[in-house]
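A short write-up of the structure that comes next.
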Amino acid sequence: MNEHASHQHSNYAQSGTVTDPVCGMKVNPQNAKGGHVVFQGHDYHFCSIKCKSKFEQEPQRYLSSEEKQKPAQSDVEYTCPMHPEIRQKGPGSCPICGMALEPAELSANQEDDNSEYLIMKKRFWISALLSLPLVFLAMGGKHFFSNAHGFFKYVELALATPVVLWCGWPFFEKFWQSLKNKSLNMFTLIGLGVAVAYLYSFVAVLFPNIFPDSFLDPMSGEVGLYFEAASVIVALVLLGQVLELKARGQTSAAIKSLLQLAPKEARKIFADGTEKDVPLELIQVGDKLRVRPGEKVPVDGVVLVGETSIDESMVTGESFPVAKTINTKVIGATINGTGSIVIGAEKVGKDTLLSQIVHMVAEAQRSRAPIQKLVDQVSAYFVPAVIFSAVITFAVWSFWGPEPKIAHAIINAVAVLIIACPCALGLATPMSIMVATGRGATMGVLFKNAEAIELMRKVDTLVIDKTGTLTLGKPKLVTVRSFSLTDTELLSLSASLERASEHPLAAAIVNGAKEKQISLLPVEDFKSVTGKGATAVISGKKIAIGNKALITGLGISLDNSETEANSLRSDGQTVMYVAIDGKIAGLLGVIDPIKETTIAAIQQLRKAGVKVVMITGDNEKTAKVVADKVGLNGYFADVLPQGKADIVKKLQAEGRFVGMAGDGINDAPALAQAQVGIAMGTGTDVAIQSAGITLIKGDLVGLVRARALSEGTIRNIRQNLFFAFFYNALGVPVAAGVLYPYFGVLLSPMIAAAAMSLSSVSVIANALRLKKTGL
């Protein structure tokens with residue numbers, strides 16, 4: 003939380019000192035005796051530990067009224083759901099499509115900005131109330147009043163003017179912006195259509211004599227007025243905007259629900275043993291926190307005292323509580339069971355898993371799927387094509403239409419402009435992506451971007467790393483076979499060497515020695531051989547531990563150890579050779595238990611037509627035992643870390659669409675090489691950053707969910723695009739009047755406006771169905 007560079011305390015003095023907010027003393031930030039605390043983006047320094055402790059317990063008491071205020075809305079970055087490259091401070095309209103912008107990222111303290119929705123709602127109701135009498139008069143209501151026909155055209159003008167010029171003013175602003183930015187959009191068509199209908203009627207009321215006879219209605223002998231069309235179009239488009247803004251608010255519901263998971267306070271244990279609930283913003287790495295039964299875990303950390311079970315379903319999607327004991331990790335925002343525990347804070351603020359999930363979901367929602375490129379290409383030509391169609395419609399009706407020709411030409415051209423608004427087309431993809439990423443987050447599946455969602459369904463070959471992906475990633479030492487020393491001596495030397503290694507198999511050996519209370523020895527000249535093992539000097543002896551490649555590479559004979567090694571491998575054990583002073587001294591056998599959900603998940607993937615292949619550094623025999631046990635299509639054994647990416651390339655060269663699942667640093671190149679990289683959330687940050695999809699719980703059930711969500715999302719997008727294209731393909735010709743010669747049917751601009759608005763709402767409603775996708 004190094005934000006103090008841009009959010010320094012308001013009492014920063016020119017001398018380089020700051021004010022202690024508790025006692026008012028001036029202190030130097032470089033050597034403040036009481037240290038500092040970051041709270042709500044401000045860095046506060048203290049003259050003593052006592053002042054710091056007081057502030058931590060009641061920060062609001064010592065803040066000025068200015069500092070207590072929330073960040074101004076104008077400081078929040080806004081973006082467009084259809085054009086995520088548009089970014090600006092504060093709310094506004096997209097210069098490309100004219101849509102209302104929305105916050106780029108939500109925060110727990112940020113209030114919903116529904117000002118756009120409220121003003122549109124107000125404009126809609128006013129336009130609706132004024133349009134009703136207009137429609138009544140236009141549909142024959144004026145005939146109920148004798149000798150007053152000439153008066154009613156002024157009444158229509160009076161009613162329509164505030165609807166068009168005030169209620170519809172936002173559309174004209176966006177219409178002008180579209181022309182100024184040379185980016186034609188739906189508001190270009192709406193503004194053009196409404197303006198033509200209103201201005202034509204306005205001139206007809208005030209200057210009727212300038213119109214030739216071809217403009218006169220043969221029934222009334224007057225120029226036709228279309229105030230009701232202009233007003234109702236405005237009212238219906240406003241209704242569409244109101245419904246759209248309300249529905250769009252629901253697409254970010256997943257992020258909002260995630261943000262609400264985090265508790266506002268944490269119970270901190272101070273150095274003197276006292277406990278007090280303090281704001282979450284004051285918690286720092288290393289703080290001790292008590293989590294009582296039924297409370298939410300405040301931050302990511304590790305259990306220091308106590309035992310309990312924790313419901314992690316809100317971040318992993320799994321309903322079963324997880325047992326937690328000393329030294330096990332806990333996740334912020336998860337719910338404690340019946341036990342009371344003390345945890346040490348390890349990740350706070352933006353570093354917690356919950357904050358990272360929210361950030362990843364927000365970024366994914368703003369990204370663009372490859373399928374969107376087609377939509378963008380179509381949209382670039384769509385509006386000019388519609389305007390051209392309206393011009394052709396006007397020309398055809400002007401020359402060959404029935405009397406009054408010009409009136410028919412205008413009204414049909416307006417209908418074409420209104421019904422063809424491309425809003426539904428533009429919303430088709432972004433809305434589905436936004437809902438899908440939110441849905442995935444609640445099920446323990448994080449998509450890095452929209453491209454990952456689209457590509458996941460295409461995966462036909464899944465390459466899986468064994469350790470930590472198929473297995474728990476917590477190997478256990480089960481066999482010690484010594485050929486020249488006692489088992490205790492062999493394990494002591496082996497564990498002493500492996501203590502310096504970070505490999506999971508090394509940890510298993512060290513833990514095995516600890517369980518047997520075997521003392522470890524000093525190590526000299528330690529050297530790690532990537533993908534093979536390690537060597538060192540212990541008590542004057544040269545020790546080597548690793549796989550067969552390490553031992554043979556050192557020129558050491560395996561003697562008769564291979565028979566014993568194969569016997570262990572047939573039991574599914576990973577075998578490591580131990581050599582002392584150039585001779586085989588023994589074998590160590592380690593088993594990494596297979597995750598309970600692995601077999602069922604692989605069966606579902608294979609049923610879906612996905613070929614599942616394992617990559618492992620294990621010996622061929624051990625790999626085969628594991629592959630047969632879990633039901634894989636194949637495997638690659640004795641693979642060095644750098645060889646994983648080569649195998650992915652080889653499969654891709656065969657025409658395979660490859661997904662790679664792994665959890666370690668050495669998996670990162672292969673994850674990046676695959677068309678879809680899938681990281682286990684229990685793995686390293688490097689692996690997660692290299693992947694397009696992260697499975698928070700770290701098992702393959704999440705992968706099945708990711709594939710199902712990918713298929714459901716693309717199916718949903720295609721449905722949306724069908725609605726948008728089909729609607730326009732059908733609506734534009736009807737609005738142009740192709741049915742008139744055969745059935746005498748014309749499409750009123752008012753009906754066109756209603757259809758246009760409802761098309762956008764239908765696309766959003768269809769996208770929201772993804773929230774209920776069964777996974």
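Using this note's numbering, you'd call the opening residue of the sequence shown number 3 and step up by one each time. Ideal Cβ positions, reconstructed from N, Cα and C, are used throughout, including at glycine. It should be emphasised that the depicted structure is a prediction, and the values quoted were computed from it without experimental measurement.
Local conformation of residue i per DSSP, three classes
i	result
residue 622	helix
residue 652	helix
residue 338	strand
residue 461	coil
residue 394	helix
residue 699	coil
residue 479	strand
residue 141	coil
residue 763	helix
residue 348	strand
residue 400	helix
residue 46	strand
residue 228	coil
residue 126	helix
residue 715	helix
residue 305	strand
residue 572	coil
residue 41	strand
residue 435	helix
residue 502	coil
residue 279	strand
Between the CA atoms of residue j and residue i - distance to the nearest angstrom
i	j	result
residue 478	residue 98	59 Å
residue 623	residue 570	9 Å
residue 181	residue 716	34 Å
residue 60	residue 269	13 Å
residue 585	residue 592	21 Å
residue 612	residue 677	14 Å
residue 784	residue 134	Since the first and last residues shown for the chain are 3 and 777, residue 784 lies out of range.
residue 267	residue 34	26 Å
residue 172	residue 190	12 Å
residue 340	residue 305	15 Å
residue 131	residue 732	31 Å
residue 177	residue 207	25 Å
CB of residue i within 8 Å of CB of residue j, strictly
i	j	result
residue 538	residue 527	yes
residue 695	residue 458	yes
residue 421	residue 758	yes
residue 659	residue 462	yes
residue 482	residue 500	no
residue 719	residue 469	no
residue 297	residue 763	no
residue 300	residue 275	no
residue 523	residue 503	no
residue 162	residue 139	no
residue 291	residue 345	yes
Opposing strand residues paired with residue i [DSSP bridges]
i	result
residue 105	80
residue 588	484 and 580
residue 537	529 and 546
residue 331	304
Sequence-distant residues of the same chain with beta carbon closer than 7 Å to residue i, five excluded per side
i	result
residue 606	706
residue 743	none
residue 27	49
residue 284	39, 41, 58 and 61
residue 740	none
residue 54	36, 37, 39 and 48
residue 74	Any reading at residue 74 is ruled out, since the residue's pLDDT is 45, under 50, leaving its predicted position unreliable.
residue 331	304
Own chain, CB closer than 8 Å to residue i, minus 5 neighbours either side, in chain order
i	result
residue 1	Summary: the structure shown does not reach residue 1, with the chain confined to residues 3 through 777, and so no result is reported for it.
residue 287	347, 348, 349 and 350
residue 595	473, 474, 476 and 478
residue 117	93
residue 566	483 and 589
residue 76	For residue 76, the pLDDT reaches just 49, beneath the cut-off of 50, and the residue's location in the model is therefore unreliable, leaving the point undetermined.
Other residues of its chain near residue i: CB distance less than 6 Å, five sequence neighbours each side excluded
i	result
residue 194	419
residue 800	Nothing in the structure corresponds to residue 800, since the chain is present only between 3 and 777.
residue 638	617 and 649
residue 2	Residue 2 is absent from the structure shown; the chain starts at 3 and stops at 777.
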